[in-house]
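**Student:**
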Amino acid sequence: MKFAHKGRWIILAAAIALQLAAALSLLCYSARVRHYALAHGRIVSLACRAYDPFSPFKGRYVKLTIAESQLQGENLDRDSLDNLSGRRKKTIYCRMEEGADGLWKVAGIRREIPQDAGDDIYIEADCSFWGGDKDGFYVRAAYAFDEYYMQENFARYADSIRWDDFNALEPVLSVYVAKNGTCIQQGLTVQDGAERIAFEEYCRREVSGWNREK
Numbered sequence: 010m011k012f013a014h015k016g017r018w019i020i021l022a023a024a025i026a027l028q029l030a031a032a033l034s035l036l037c038y039s040a041r042v043r044h045y046a047l048a049h050g051r052i053v054s055l056a057c058r059a060y061d062p063f064s065p066f067k068g069r070y071v072k073l074t075i076a077e078s079q080l081q082g083e084n085l086d087r088d089s090l091d092n093l094s095g096r097r098k099k100t101i102y103c104r105m106e107e108g109a110d111g112l113w114k115v116a117g118i119r120r121e122i123p124q125d126a127g128d129d130i131y132i133e134a135d136c137s138f139w140g141g142d143k144d145g146f147y148v149r150a151a152y153a154f155d156e157y158y159m160q161e162n163f164a165r166y167a168d169s170i171r172w173d174d175f176n177a178l179e180p181v182l183s184v185y186v187a188k189n190g191t192c193i194q195q196g197l198t199v200q201d202g203a204e205r206i207a208f209e210e211y212c213r214r215e216v217s218g219w220n221r222e223k
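Structure below.
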């Protein structure tokens with residue numbers, strides 16, 4: 010009996026150690042991605058909106074729809090269609106270009122990041138669906154960074170915001186992009202009058218009554 014009891018403690022300790030190691034590895038990887046992205050100017054800002062008009066906020070997470078999730082073939086380069094063959098429900102890499110407004114859009118799709126990509130930035134996504142042909146096609150891309158975590162005190166206020174009021178703030182999600190196309194969130198910003206500020210700062214102002222006193 011004592012041996013069995015001791016064995017359970019050993020298993021529990023091993024499980025905890027494994028979880029801690031995984032968490033530490035994730036933190037180290039995130040730090041490396043941020044460092045690399047900052048050093049190479051690989052920060053991409055994407056327009057977004059509330060995912061679901063009925064329940065955009067899920068606990069401490071704001072569920073987002075990235076504007077570049079719905080892609081039209083006419084806005085993609087000529088090699089995109091060939092690279093989509095057989096990619097439904099599989100990984101694709103979106104070649105990004107920055108617009109004059111500072112927001113980034115998908116300019117092309119590849120099966121993998123080209124070896125001669127140079128300074129081009131590619132973001133990993135899942136091709137949830139695509140259809141059409143050379144005369145016109147469209148793509149639905151799903152990104153791994155479409156849930157934005159918030160601290161509990163801000164999440165409670167965020168949960169009270171109407172989806173259309175949230176979208177009216179012109180939310181923008183910025184991400185650090187690694188060389189392999191994976192992304193780490195930098196932050197979610199909104200337009201508050203003439204200022205673009207962090208969403209957390211907007212929530213703080215609203216909760217404190219700062220915006221109503223201006």
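Numbering-wise (my numbering), the sequence shown opens with residue 10 and increments by one. Note that beta-carbon positions come from the ideal geometry of N, C-alpha and C, so glycine has one too. For clarity, every value in this text was computed on a predicted model and none was experimentally measured.
Which of helix, strand or coil does DSSP assign to Ser94?
**Tutor:** If you number the sequence shown from 1, residue 94 lands on position 85. Three-state result, Ser94: coil.
**Student:** Do Tyr152 and Ile75 have their C-beta atoms within less than 9 Å of each other?
**Tutor:** For this step, residue 152 is matched to residue 143 along the sequence shown. For this step, residue 75 is matched to residue 66 along the sequence shown. Contact: yes.
**Student:** Measuring only the C-alpha atoms, how far is Val115 from Ile132?
**Tutor:** Within the sequence shown, residue 115 is the residue found at index 106, counting from 1. Within the sequence shown, residue 132 is the residue found at index 123, counting from 1. Distance between the alpha carbons of Val115 and Ile132 is about 9 Å.
**Student:** Could you name the residues of the same chain whose beta carbon sits closer than 8 Å to that of Tyr102, not counting the 5 residues immediately before and after it, in chain order?
**Tutor:** Translated into the one-based positions of the sequence shown, residue 102 becomes position 93. Answer for Tyr102: Ile118, Arg119, Arg120, Glu121, Ile122, Tyr131, Ile132, Glu133, Ala134 and Gly190, listed in chain order.
**Student:** Flag this pair as touching only if the stretch 87-94 and the stretch 138-146 have three or more C-beta atom pairs under 8 Å; answer yes or no.
**Tutor:** yes
**Student:** Between Lys143 and the rest of its own chain, which residues show a CB-CB distance below 7 Å, the 5 nearest in sequence each way excluded?
**Tutor:** Working through the sequence shown from its first residue, we reach residue 143 at position 134. Excluding its 5 nearest sequence neighbours in each direction, Lys143 has C-beta neighbours in its own chain below 7 Å: Leu90, listed in chain order.
**Student:** Take Gln195 and list the residues in its own chain whose beta-carbon comes closer than 7 Å to its own, dropping the five residues that flank it on each side.
**Tutor:** Walking along the sequence shown from the start, residue 195 turns up at place 186. For Gln195, the CB contacts under 7 Å within the same chain, skipping 5 residues up- and downstream, are Ile52, Ser183, Val184 and Tyr185 in chain order.
**Student:** Per DSSP, what kind of secondary structure is Ser217 in: helix, strand or coil?
**Tutor:** Sequence index remark: in the sequence shown, residue 217 carries index 208 (1-based). Reduced to three states, the DSSP call for Ser217 is helix.
**Student:** Taking the DSSP output, what are the residues bridged to Arg58?
**Tutor:** For the purposes of this step, residue 58 is taken as residue 49 along the sequence shown, with counting starting at 1. For Arg58, which the question treats as bridged, DSSP gives the partners Thr74.
**Student:** Where Leu55 and Lys99 are concerned, what is the direct C-alpha to C-alpha distance, given to the nearest angstrom?
**Tutor:** What you label residue 55 is simply residue 46 of the sequence shown in a count that begins at 1. What you label residue 99 is simply residue 90 of the sequence shown in a count that begins at 1. Rounded to the nearest angstrom, the two C-alpha atoms are 22 Å apart.
**Student:** Looking only at its own chain, which residues have a Cβ that is under 7 Å from the Cβ of Glu215, when we skip the five neighbours before and after it?
**Tutor:** In the sequence shown, residue 215 corresponds to position 206, counting from 1. So the list reads Tyr166, once near-sequence residues are dropped.
**Student:** Skipping 5 residues on each side, what residues in its chain have a beta carbon closer than 6 Å to that of Leu112?
**Tutor:** In the sequence shown, counting from the first residue as 1, residue 112 sits at position 103. Cβ within range, chain order: Ser54 and Ala56.
**Student:** Any C-beta of chain E sitting closer than 9 Å to the C-beta of Ile130?
**Tutor:** Checking the listed chains, one finds no chain E in this structure; it contains a single protein chain.
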